[in-house]
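Structure first, commentary second.
In this note's numbering, the protein residues as written are 10 to 279.
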């Protein structure tokens, strides 16, 4: 089984200083690849440089919705140009965040469209961030999918309706450590109410759903730092929780299928 960290920020302050240690610990725990995510244009060169220096690290280019106001001139052409590097394998992270509203919503939508156009031109997937912006996100994704663009809704915390929309359009849904929080019952219900939420893939490949540690996990990380442990350990624990959760959902579905087949056979025998 391969474990891939599909969303990490190896250039963030507090982690970048110990990047080699963090990567070594994650590799020892079984992580075989890392996607290093950019959030600002000024980060792109550094994010790509980490990928150049590590054979198991790849890069994205993009601008987080929080940074939309700071990138008024960002268009698809700059994103497309940056994807010429062979280690760049996705566009993002990009999207809409109406929860914090750190950038004007119109600017967020404009930057999001630029990323979608870049994904369309390059054929690369999108890494989408969305929070409290479901109607606009759904509308944008439908338009994007109509132009052949797909990707992943990362660190998903929205409704079942948006999850269904994303899945129907060919997007993946990333279930992060948030699903383990006590107050995340609605999200757990979203992931467990129907097996269609669990996308099937090659039997020997699992995609790690997160390394973007939410606040509680960040506190665990800081505690680990004080003990001299590696920041990645907390993330691996969360991924293990999620892997077990999804595996349990799959087992439950298989049980339901088996019972349904047995019931149908009994009815036919009558």
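Ideal Cβ placement from N, Cα and C applies to all residues, glycine included.
Residue i, enclosing beta strand (DSSP E) - first and last residue
| i | result |
| --- | --- |
| residue 76 | Premise fails: residue 76 is in no beta strand (DSSP E) and is neither H nor E. |
| residue 66 | 66-70 |
DSSP bridge partner residues for residue i (one or two, in chain order)
| i | result |
| --- | --- |
| residue 139 | 105 |
| residue 63 | According to DSSP, residue 63 bridges with nothing at all. |
| residue 99 | 69 |
| residue 57 | Partner(s): none; residue 57 has no beta bridge. |
| residue 21 | Residue 21 is not bridged to any residue. |
| residue 182 | 162 |
Element boundaries [alpha helix (DSSP H), containing residue i]
| i | result |
| --- | --- |
| residue 121 | 114-131 |
| residue 85 | 85-91 |
| residue 198 | 194-201 |
| residue 31 | 28-37 |
Cβ neighbour criterion (16 or more within 10 Å) applied to residue i
| i | result |
| --- | --- |
| residue 198 | exposed |
| residue 74 | buried |
| residue 6 | Within the shown structure, residues of the chain are numbered from 10 to 279, placing residue 6 beyond reach of any answer. |
| residue 96 | buried |
| residue 181 | buried |
| residue 120 | buried |
| residue 209 | In this prediction, residue 209 scores a pLDDT of 39, lower than 50, which makes its location untrustworthy; the coordinate-derived value is nonetheless stated afterwards. It is exposed - the Cβ of residue 209 has fewer than 16 other Cβ atoms within 10 Å. |
| residue 243 | Note that residue 243 scores a pLDDT of 33, beneath 50, so its modelled location is shaky; the value from the coordinates is reported in the next line. With 16 or more Cβ atoms within 10 Å of its Cβ, residue 243 is classed as buried. |
| residue 110 | exposed |
| residue 14 | buried |
| residue 118 | buried |
| residue 33 | exposed |
| residue 152 | exposed |
| residue 26 | exposed |
| residue 148 | exposed |
| residue 112 | buried |
| residue 86 | exposed |
| residue 142 | buried |
| residue 64 | exposed |
Cβ-heavy atom distance, residue i to the ligand ZN, below 8 Å
| i | result |
| --- | --- |
| residue 117 | The ligand ZN is not among the ligands present in this structure, which contains no ligands whatsoever. |
**Asked** Quick one: any contact between the stretch 36-54 and the stretch 104-119, if contact means 3 or more CB pairs under 8 Å?
**Response** no
**Item:** Whole runs of the beta strand (DSSP E) within the stretch 141-171, excluding any shorter than 3 residues
**Value:** 160-162
**Request:** Mind the definition here: the stretch 152-171 touches the stretch 114-134 only if three or more C-beta pairs lie below 8 Å; say whether that holds.
**Result:** yes
**Message:** Check whether the stretch 40-51 and the stretch 16-31 touch, using three or more Cβ-Cβ pairs below 8 Å as the test.
**Reply:** yes
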